[in-house]
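Heads up: the structure comes next, in structure tokens.
2 protein chains.
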Amino acid sequence: MMQPRGLPNRRVIVAIGVAALLAVGRAALGVEPADDSMPASSNVPGAQSPRIHRDGRVTFTLKAPEARSLDVAGGDGLGKGPFPMTRAADGTWSVTIAPPVPGFHYYWFDLDGVAVNDPGSRTYFGYSKETSGIEIPDPHGDFYAVRNVPLGQVRTQWYLSSTTGEWRRAVVYTPPGYDTSGKRYPVLILQHGMGEDETGWTRQGRAQFILDNLIAAGQAAPMIVVMDRGYADPRGAAPFALTADMPLRDIRAAFSRFEAVLMHDLIPTIDRAYRTIPDRDHRALAGLSMGGMQTLFIGLRHLDTFAYIAALSSPVIRGNDPDEKLASSLLGPFDARTAFDGAFADAAKFNQRVKLFWLGVGTAEGEPIHSSVRGAVDALRASGVRLEHFESQGTAHEWQTWRRDLLEVAPRLFR
Amino acid sequence: MMQPRGLPNRRVIVAIGVAALLAVGRAALGVEPADDSMPASSNVPGAQSPRIHRDGRVTFTLKAPEARSLDVAGGDGLGKGPFPMTRAADGTWSVTIAPPVPGFHYYWFDLDGVAVNDPGSRTYFGYSKETSGIEIPDPHGDFYAVRNVPLGQVRTQWYLSSTTGEWRRAVVYTPPGYDTSGKRYPVLILQHGMGEDETGWTRQGRAQFILDNLIAAGQAAPMIVVMDRGYADPRGAAPFALTADMPLRDIRAAFSRFEAVLMHDLIPTIDRAYRTIPDRDHRALAGLSMGGMQTLFIGLRHLDTFAYIAALSSPVIRGNDPDEKLASSLLGPFDARTAFDGAFADAAKFNQRVKLFWLGVGTAEGEPIHSSVRGAVDALRASGVRLEHFESQGTAHEWQTWRRDLLEVAPRLFR
Chain C
0 MMQPRGLPNR RVIVAIGVAA LLAVGRAALG VEPADDSMPA SSNVPGAQSP
50 RIHRDGRVTF TLKAPEARSL DVAGGDGLGK GPFPMTRAAD GTWSVTIAPP
100 VPGFHYYWFD LDGVAVNDPG SRTYFGYSKE TSGIEIPDPH GDFYAVRNVP
150 LGQVRTQWYL SSTTGEWRRA VVYTPPGYDT SGKRYPVLIL QHGMGEDETG
200 WTRQGRAQFI LDNLIAAGQA APMIVVMDRG YADPRGAAPF ALTADMPLRD
250 IRAAFSRFEA VLMHDLIPTI DRAYRTIPDR DHRALAGLSM GGMQTLFIGL
300 RHLDTFAYIA ALSSPVIRGN DPDEKLASSL LGPFDARTAF DGAFADAAKF
350 NQRVKLFWLG VGTAEGEPIH SSVRGAVDAL RASGVRLEHF ESQGTAHEWQ
400 TWRRDLLEVA PRLFR
Chain V
0 MMQPRGLPNR RVIVAIGVAA LLAVGRAALG VEPADDSMPA SSNVPGAQSP
50 RIHRDGRVTF TLKAPEARSL DVAGGDGLGK GPFPMTRAAD GTWSVTIAPP
100 VPGFHYYWFD LDGVAVNDPG SRTYFGYSKE TSGIEIPDPH GDFYAVRNVP
150 LGQVRTQWYL SSTTGEWRRA VVYTPPGYDT SGKRYPVLIL QHGMGEDETG
200 WTRQGRAQFI LDNLIAAGQA APMIVVMDRG YADPRGAAPF ALTADMPLRD
250 IRAAFSRFEA VLMHDLIPTI DRAYRTIPDR DHRALAGLSM GGMQTLFIGL
300 RHLDTFAYIA ALSSPVIRGN DPDEKLASSL LGPFDARTAF DGAFADAAKF
350 NQRVKLFWLG VGTAEGEPIH SSVRGAVDAL RASGVRLEHF ESQGTAHEWQ
400 TWRRDLLEVA PRLFR
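So the sequence lines, in the order shown, correspond to chains C and V. Position one of the first sequence corresponds to residue 0 (numbering that gives the first Met the number 0), numbered consecutively onward. Position one of the second sequence corresponds to residue 0 (numbering that gives the first Met the number 0), numbered consecutively onward.
This is the structure:
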């Protein structure tokens, strides 16, 4: 109904007064003008930005009166950035972006050429540093929500590595009832990607809630999950980082150092400190991206230790030539007889020993990962190797892909 | 020995060649020119800045070619900042500051008026957001180092609060041997300060290592330590923050909400989930700054629940008038008969019930905290109340004060 012209009536005057009071209150709290948006669940308590709109769009805001240029940039799934922000008269910059893929995304501000965190968000270890992250609600995301079911615990486990001579910290999920059941449990070792660390799977991945919910529903066996830092660099060396032109020799050397930590330090530590079932039938190895490459490298060499192997969004190396560079080793035909030093050469034997061999990938992942996985899957299946090839619909090289992998992998373990 | 003038000899030429090669190697790794400095232990792996010199000075560096002004600023103990940085020709800004107080310090960059984190450092929850931190080595800091002794675990404990209706996360330290001893343990509840959260005592405070080391030396009883988020704000409200002109009524209201969470949700959760000794003689309450105020407010009202009370660097409120403002309530005479609703009125009874009453403070803390504590200590002692007054030499309102408090408090608990 149109408002009649002329002086507003009494009800309108009261409404204006209340609105003005509310506006003052909001200004005092740093609240945005009322719309249908809400602070992201990943915001620090009380932070009003970033905000997620009902239609999934996201508004980012930063007060930077002196800035000359300010963008939002971020990881796969946030959208095709960077997103230039616009300056308001008060020096507050903002931008509203199209709905990102649901799930977790790293992001940062580019403030006059310097990548800086958003003071409104939690940080997560990614890109080899503390990086802002945002959680975009997923209507199908109940599987990683904290819910009113029996909950496990996430523990820190420090240990002195005989391999590196340094103190290391693993993160360990113990299932609901662990403290009182007196039972022994199988173990899933679950590794992060490049630039991340042992906190990735519980903070970005919400692995503990995925397990809690699966176990509560009777869909996964209660298990211990161990997450370690996938680096074992010599003391004082720069952290290992994969590059496209790196020869396989260097990759193997770095993975071998982590393999030594895993086999000689981590697994014995866990088997001592927790009530594990310390045999191959009750031990799984999984990892994402670089952690998936480590899973294939280490797992396929130690089938006496692991009966379950899951590589998530992992580039799959074809050859064994130490001089070959990573980029070229991911292309070309995958030869199931020779790949991974012949681990798949005898398909019948492989199928008998390996209870799960999982290659997951997001349908929106870029190359070479998508083709690399697809080529390996086709060749392995043609050679008679039993495997599960999982495709996460519409997700890229991002945590929502890996949450979905875990949702599907965990029920297939130890059953 | 002076080098003879003229052409350098063969040995010098070789030395120059090696130095040049090393310089190239360092440049490739992003390493600073050789001096006596080392990356701080709080740096993210591989980060070359900030660096700590052998004499304790600290050099901070940030590449920001477009910046017009760049400072380092930080919390108590870092030094009298902000510290203006100087721009080099390549757009890298740096400053070397005088040796800070040993221990942990929050800090940040002021980049053209925006407070941003240092990509080289870990972040810690402080100032109500993720904030960079630096660990300055302390020659007497062995007590909080991870050492080759039996280590406890740090666990996350989620619980659904009946008080707030929300899921909350506590952090729980279990002592070495907890999983296998079958024993029951006393409980210390240990709270953070304003703008911090449940992660403060283990990340900034290193409480787990302080306990591990004390327990290994037989100097503290094995105990469970519970660290919760000291807020219980109504859903959607801005987080509680103390201000000087806040009336005591508002402070009591906020603390009462946390009191309800602590008494009705947290303690029952812990007593169900862990092998505790669930009585007052085996329960302690301690906290720093705002957490110390909460400790006094809650602890003194619940002497049937807590036999040990420790307030660290806590402003001590004198009066009971709900209209009085915080700033004025911290000044003036402390009346032991009336303060805290008469909790100290009967000194003999208080001394009989309370096994430890601890008021700690750093000698370098500012006002009103220092005078507020001192006045309360003098008045309480004069009235016959038994207490321990600890002064941390040369430290301010900072974590090194509170690490030292814990080092002294823990041995006095449960013995």
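All residues carry an ideal CB built from backbone N, CA and C; glycine is no exception.
For residue i, the first and last residue of its enclosing alpha helix (DSSP H)
i: V/Tyr177; result: Tyr177 to Ser180
i: V/Arg282; result: Counting along the chain, V/Arg282 falls outside any alpha helix (DSSP H), though it belongs to the beta strand (DSSP E) covering Arg282 to Leu287.
i: V/His369; result: Ile368 to Ala381
i: C/Asp249; result: Leu247 to Ala259
Residue i classed as buried or exposed, judged by whether at least 16 other C-beta atoms fall within 10 angstroms
i: V/Met1; result: Residue confidence is low: V/Met1 scores 34 on pLDDT, short of 50, so the model does not pin down where it sits. No coordinate-derived value is stated.
i: V/His104; result: buried
i: V/Ala19; result: Confidence at V/Ala19 is low in this model, with a pLDDT of 34, below 50, so the placement of that residue is unreliable and no value is reported for it.
i: V/Lys182; result: exposed
i: C/Val148; result: exposed
i: C/Pro138; result: exposed
i: C/Arg271; result: exposed
i: C/Asp404; result: buried
i: V/Thr173; result: buried
i: C/Ala216; result: exposed
i: C/Ala22; result: Here the model assigns C/Ala22 a pLDDT of 35, short of 50, so the residue's position is not dependable, and the following value carries that caveat. Exposed.
i: V/Ser40; result: exposed
i: V/Arg248; result: exposed
i: C/Thr60; result: buried
Proximity of residue i and residue j at Cβ, strictly below 9 Å
i: C/Leu77; j: C/Tyr123; result: no
i: C/Glu195; j: C/Gln203; result: yes
i: C/Ile133; j: C/Pro49; result: yes
i: C/Lys128; j: C/Asp89; result: no
i: C/Leu189; j: C/Val224; result: yes
i: V/Pro410; j: V/Ala378; result: no
i: C/Arg167; j: C/Leu287; result: no
i: V/Ile135; j: V/Gly102; result: yes
i: V/Val100; j: C/Arg154; result: no
i: V/Ala46; j: V/Ala72; result: no
i: C/Gly359; j: C/Ser327; result: no
i: V/Ala346; j: V/Arg385; result: yes
i: V/Met226; j: V/Ala310; result: no
Nearest-angstrom Cα separation, counted from residue j out to residue i
i: C/Phe349; j: V/Trp398; result: 55 Å
i: V/Leu28; j: C/Phe305; result: Note that V/Leu28 has pLDDT 41, beneath the 50 cutoff, so the model's placement of it is unreliable and no number is given.
i: V/Leu299; j: V/Ala375; result: 15 Å
i: V/Gly318; j: V/Pro367; result: 15 Å
i: V/Ser120; j: V/Pro38; result: 10 Å
i: V/Phe257; j: V/Tyr230; result: 6 Å
i: C/Thr130; j: C/Asn116; result: 6 Å
i: C/His263; j: C/Ile269; result: 11 Å
i: V/Arg25; j: C/Ala236; result: Caution applies to V/Arg25, whose pLDDT of 37 falls short of 50 and renders its modelled position unreliable; the model cannot decide the point.
i: V/His301; j: V/Val353; result: 11 Å
i: C/Pro246; j: C/Pro321; result: 6 Å
i: C/Thr163; j: V/Arg279; result: 45 Å
i: V/Phe254; j: V/Gln293; result: 6 Å
i: V/Pro83; j: V/Pro98; result: 16 Å
Proximity winner among the options, relative to residue i (alpha-carbon distances)
i: V/Leu295; options: V/Ala342, V/Ala272, V/Asp278 and V/Asp280; result: V/Ala342
i: V/Ile308; options: V/Ala216, V/Ala395, V/Ile250 and V/Val186; result: V/Val186
i: C/Ala344; options: C/Leu329, C/Ser382 and C/Thr201; result: C/Ser382
i: V/His191; options: V/Leu284, V/Arg56 and V/Leu69; result: V/Leu284
i: V/Asp35; options: V/Asn42, V/Ser41, V/Thr58 and V/Leu386; result: V/Thr58
i: V/Ala252; options: V/Ala219, V/Asp278 and V/Ile297; result: V/Ile297
i: V/Ser180; options: V/Arg274, V/Ala87 and V/Arg228; result: V/Arg274
i: C/Leu110; options: C/Arg279, C/Glu65 and C/Thr163; result: C/Glu65
i: C/His396; options: C/Gly291, C/Asn212 and C/Asp340; result: C/Gly291
Range of the contiguous beta strand (DSSP E) that encloses residue i
i: V/Glu387; result: Glu387 to Ser391
i: V/Ala169; result: Trp166 to Thr173
i: C/Ser327; result: Note, C/Ser327: premise wrong, no beta strand (DSSP E); alpha helix (DSSP H) at Leu325 to Ser328.
i: C/Leu61; result: Val57 to Lys62
i: C/Leu355; result: Leu355 to Gly361
i: C/Glu134; result: Lys128 to Ile135
i: V/Thr201; result: No beta strand (DSSP E) contains V/Thr201, which is instead part of the alpha helix (DSSP H) from Gly199 to Arg202.
beta-carbon residue i near the ligand FMN non-hydrogen atom, thresh 8 Å
i: C/Lys348; result: Only the bare structure without any ligand can be found here, which leaves the ligand FMN out of the picture.
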